[in-house]
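Accompanying notes for the structure given below.
Number of protein chains: 2
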Amino acid sequence: MSKPLIFISNDDGITAKGLRALVDVAKTIGEVVVVAPDKPQSGKGHAVTIKYPLRLTKVDVFENVESWMCTGTPADCVKMAKDILFKDRNVDLVLSGINHGANTSINILYSGTMSAAMEGAIEGKKSIGFSLDDFSSEADFTASKHYIEKIIRRVLDSDRDQPLLLNVNIPSIQLEEIKGIKICRQSRGKWTEEFSKSIDPRGVPYYWLTGRFENLEKDATDTDLWAIANGYVSVVPSNFDLTKHSQLDDLDFII
Amino acid sequence: MSKPLIFISNDDGITAKGLRALVDVAKTIGEVVVVAPDKPQSGKGHAVTIKYPLRLTKVDVFENVESWMCTGTPADCVKMAKDILFKDRNVDLVLSGINHGANTSINILYSGTMSAAMEGAIEGKKSIGFSLDDFSSEADFTASKHYIEKIIRRVLDSDRDQPLLLNVNIPSIQLEEIKGIKICRQSRGKWTEEFSKSIDPRGVPYYWLTGRFENLEKDATDTDLWAIANGYVSVVPSNFDLTKHSQLDDLDFII
Numbered sequence: 024m025s026k027p028l029i030f031i032s033n034d035d036g037i038t039a040k041g042l043r044a045l046v047d048v049a050k051t052i053g054e055v056v057v058v059a060p061d062k063p064q065s066g067k068g069h070a071v072t073i074k075y076p077l078r079l080t081k082v083d084v085f086e087n088v089e090s091w092m093c094t095g096t097p098a099d100c101v102k103m104a105k106d107i108l109f110k111d112r113n114v115d116l117v118l119s120g121i122n123h124g125a126n127t128s129i130n131i132l133y134s135g136t137m138s139a140a141m142e143g144a145i146e147g148k149k150s151i152g153f154s155l156d157d158f159s160s161e162a163d164f165t166a167s168k169h170y171i172e173k174i175i176r177r178v179l180d181s182d183r184d185q186p187l188l189l190n191v192n193i194p195s196i197q198l199e200e201i202k203g204i205k206i207c208r209q210s211r212g213k214w215t216e217e218f219s220k221s222i223d224p225r226g227v228p229y230y231w232l233t234g235r236f237e238n239l240e241k242d243a244t245d246t247d248l249w250a251i252a253n254g255y256v257s258v259v260p261s262n263f264d265l266t267k268h269s270q271l272d273d274l275d276f277i278i
Numbered sequence: 024m025s026k027p028l029i030f031i032s033n034d035d036g037i038t039a040k041g042l043r044a045l046v047d048v049a050k051t052i053g054e055v056v057v058v059a060p061d062k063p064q065s066g067k068g069h070a071v072t073i074k075y076p077l078r079l080t081k082v083d084v085f086e087n088v089e090s091w092m093c094t095g096t097p098a099d100c101v102k103m104a105k106d107i108l109f110k111d112r113n114v115d116l117v118l119s120g121i122n123h124g125a126n127t128s129i130n131i132l133y134s135g136t137m138s139a140a141m142e143g144a145i146e147g148k149k150s151i152g153f154s155l156d157d158f159s160s161e162a163d164f165t166a167s168k169h170y171i172e173k174i175i176r177r178v179l180d181s182d183r184d185q186p187l188l189l190n191v192n193i194p195s196i197q198l199e200e201i202k203g204i205k206i207c208r209q210s211r212g213k214w215t216e217e218f219s220k221s222i223d224p225r226g227v228p229y230y231w232l233t234g235r236f237e238n239l240e241k242d243a244t245d246t247d248l249w250a251i252a253n254g255y256v257s258v259v260p261s262n263f264d265l266t267k268h269s270q271l272d273d274l275d276f277i278i
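Each protein sequence line maps, in turn, to chains A and B. Numbering of the first sequence is given in my numbering, commencing with residue 24 and proceeding in unit increments. Numbering of the second sequence is given in my numbering, commencing with residue 24 and proceeding in unit increments.
This is the structure:
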């Protein structure tokens with residue numbers, strides 16, 4: 024059997040250590056092609072670039088891996104790869120990450136990592152976004168690599184035809200401390216923003232976005248926030264149908 | 024009873040005609056505060072600004088309406104409004120739009136308009152994003168204003184306590200041609216990208232994102248794409264829980 028073709032993107036950019044860790048794992052399993060942003064794109068959500076042209080440049084950063092950097096967002100990277108690189112090649116799996124920082128709860132909305140994976144899923148590809156709960160650029164990806172290899176192999180080995188979009192978060196603890204993998208749901212949570220105000224030399228205020236994340240379901244044990252706080256790798260099956268189906272029969276008062 | 028406090032943002036920016044149309048309607052119903060981007064932010068999805076500071080400047084563009092422009096994305100606008108303007112004031116309704124261009128199907132993911140509404144919903148506010156299926160900056164918002172007033176009044180009059188995040192799309196036809204309002208679900212659809220390649224004066228290629236949108240459920244009559252193609256205003260109850268709940272019991276092969 025020929026090796027699976029694995030496409031990889033991320034949002035921390037082509038030079039991120041987390042991307043290198045994911046490439047290292049994936050190339051032991053399949054043929055890998057990378058298209059990643061040329062600069063960090065954290066917090067870019069599902070943005071696409073429509074007002075500026077994009078560049079795609081071949082780079083030589085990973086041994087024996089076809090790699091490109093793109094001037095756009097993570098979603099742009101996947102769209103360019105699809106249209107320019109994969110017109111005649113069938114991708115078996117789309118991966119994104121490993122993100123430096125968790126993408127649990129509603130952070131899936133702000134996450135460029137998950138948007139790249141979501142673009143893969145929209146194209147009908149099995150897609151997985153990986154994030155490590157450690158923002159440091161020097162984070163230790165040893166435990167992540169172990170679990171990521173396991174998850175990729177199980178997804179590729181499964182002959183299930185169902186669409187798959189997985190949001191995987193890994194706790195920032197040693198491999199031997201991780202208790203296993205938990206399938207769970209996105210926790211309800213939100214940011215309490217506290218814009219930090221400064222005054223520029225002309226006396227005009229400016230603000231930095233900052234804040235504290237709050238888990239609104241502290242007692243629930245079936246959520247991604249619970250899982251990574253309790254030593255599990257969280258796997259949330261995710262979706263790009265944002266319809267609240269349970270409310271469809273409940274809105275006749277608007278008609 | 025005191026007038027409801029209505030907060031409005033958009034993604035086409037503070038000078039967009041669609042924003043003015045929405046403010047015109049909302050100020051007949053309540054007290055209105057606007058925070059909108061200082062420049063167009065189409066396609067910015069749920070991006071937030073974390074690497075640059077933000078500015079918030081009071082402007083005088085709408086008669087008798089407190090208005091601010093913000094240097095950030097639509098999501099930034101809502102976050103700044105919450106933290107800086109509404110610390111001591113309770114917002115009754117969050118509106119976004121009227122977007123110049125439809126946000127049906129998966130375009131909710133790329134839409135700054137819907138991201139602003141979604142930020143309102145995350146804060147527990149009843150929130151509605153409005154889009155007109157006409158990209159022209161000179162679009163005619165007459166029919167939109169009629170239906171938007173109807174929808175806002177019904178949402179405010181309803182004493183239901185359920186969370187509400189509505190994605191409303193209006194067809195680009197005359198008021199008397201519109202058949203009514205349809206509650207529907209997000210259609211499955213996707214973009215077929217065709218990057219348009221050009222060569223710069225130095226001989227290096229660059230690409231413009233372009234494409235065609237494809238409805239993958241042409242026969243379904245309960246979708247937003249069907250509704251606006253058939254003369255209805257579409258209302259999709261939407262969600263920021265992206266968990267695919269139906270798949271939670273189906274992934275044990277990964278553990």
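Backbone N, C-alpha and C define an ideal beta-carbon position, used for all residues, glycine too.
- In the displayed model, residue 276 of chain B falls within a helix according to three-state DSSP.
- Per DSSP, residue 53 of chain A is not a residue of any alpha helix (DSSP H), being assigned neither H nor E.
- Residue 124 of chain A has a beta carbon lying at 8 Å or more from every beta carbon in chain B.
- DSSP links residue 249 of chain B through a beta bridge to no other residue.
- Annotation for residue 35 of chain A: 41, 42, 63, 65, 122, 123 place their beta carbon closer than 7 Å to its own, counting only its chain and skipping 5 residues before and after.
- The way I'd put it, the segment 153-160 of chain A doesn't touch the segment 247-256 of chain B; fewer than three beta-carbon pairs between them come closer than 8 Å.
- By alpha-carbon distance to residue 134 of chain A, the top candidate from B/200, B/248, B/67 is B/67.
- With contact defined as three or more Cβ pairs closer than 8 Å, the segment 76-87 of chain A and the segment 233-249 of chain B are not in contact.
- Within the segment 137-161 of chain A, 138, 141, 145, 146 place their CB atoms closer than 8 Å to a CB of chain B, listed in sequence order.
- Within its own chain, the residues whose Cβ lies closer than 7 Å to the Cβ of residue 232 of chain A, once the five positions on either side in sequence are excluded, are 216, 218, listed in chain order.
- Considered as a whole, the segment 115-163 of chain B harbours 116-123, 150-155 as its complete beta strand (DSSP E) runs of no fewer than 3 residues, in chain order.
- Of the other Cβ atoms in all chains shown, fewer than 16 fall within 10 Å of the Cβ of residue 203 of chain A; this residue is therefore exposed.
- Using a CB distance cut-off of 8 Å, residue 99 of chain B counts as an interface residue toward chain A.
- Contact annotation: residue 137 of chain B and residue 230 of chain A have beta-carbon atoms that are not nearer than 8 Å.
- Shortest Cα-Cα distance from residue 189 of chain B to any of B/224, B/74, B/55, B/151 involves B/151.
- When DSSP states are grouped into helix, strand and coil, residue 66 of chain A belongs to the coil group.
- For the pair residue 261 of chain A and residue 94 of chain B, the CB atoms are not nearer than the 8 Å cut-off.
- In the pairwise beta carbon analysis, the segment 163-182 of chain A is classified as not touching the segment 84-99 of chain B: fewer than three pairs are separated by under 8 Å.
- Contact residues of the segment 41-56 of chain A toward chain B are absent (C-beta to C-beta distance below 9 Å).
- For chain B, the residues of the segment 249-269 of chain A that bring a beta carbon within less than 7 Å of one of its beta carbons are 258, 259, 260, 261, 262, 263, 264, 265, 266, 267, 268, in chain order.
- Note that the C-beta distance between residue 91 of chain A and residue 46 of chain A is not below 8 Å.
- Counting only Cβ-Cβ distances below 7 Å, residue 70 of chain A has contacts in chain B at 66, 67, 68, 70, in chain order.
- Classified as buried, residue 209 of chain B has 16 or more neighbouring CB atoms from the shown chains inside 10 Å of its CB.
- Residue 167 of chain A: member of the alpha helix (DSSP H) spanning 165-180, first to last residue.
- Residue 247 of chain B sits away from residue 119 of chain B, with the two beta carbons spaced by 8 Å or more.
- The continuous alpha helix (DSSP H) containing residue 97 of chain A extends over residues 97-103.
- At a cut-off of 8 Å between C-beta atoms, residue 118 of chain A does not count as an interface residue with respect to chain B.
- A distance below 8 Å separates the beta carbons of residue 117 of chain B and residue 143 of chain B.
- Counting along the chain, residue 32 of chain A sits inside the beta strand (DSSP E) bounded by residues 28-32.
- Taking the Cα positions, residue 185 of chain B is about 9 Å away from residue 270 of chain A.
- Within chain B, the C-beta atoms nearer than 7 Å to that of residue 133 of chain A come from 69, 71, in chain order.
- For residue 108 of chain B, the secondary structure class from DSSP, reduced to helix, strand or coil, is helix.
- The residues 254, in chain order, have a CB closer than 7 Å to that of residue 200 of chain B in the same chain once the five nearest residues on each side in sequence are set aside.
- Here the alpha carbons of residue 132 of chain A and residue 176 of chain B stand approximately 29 Å from one another.
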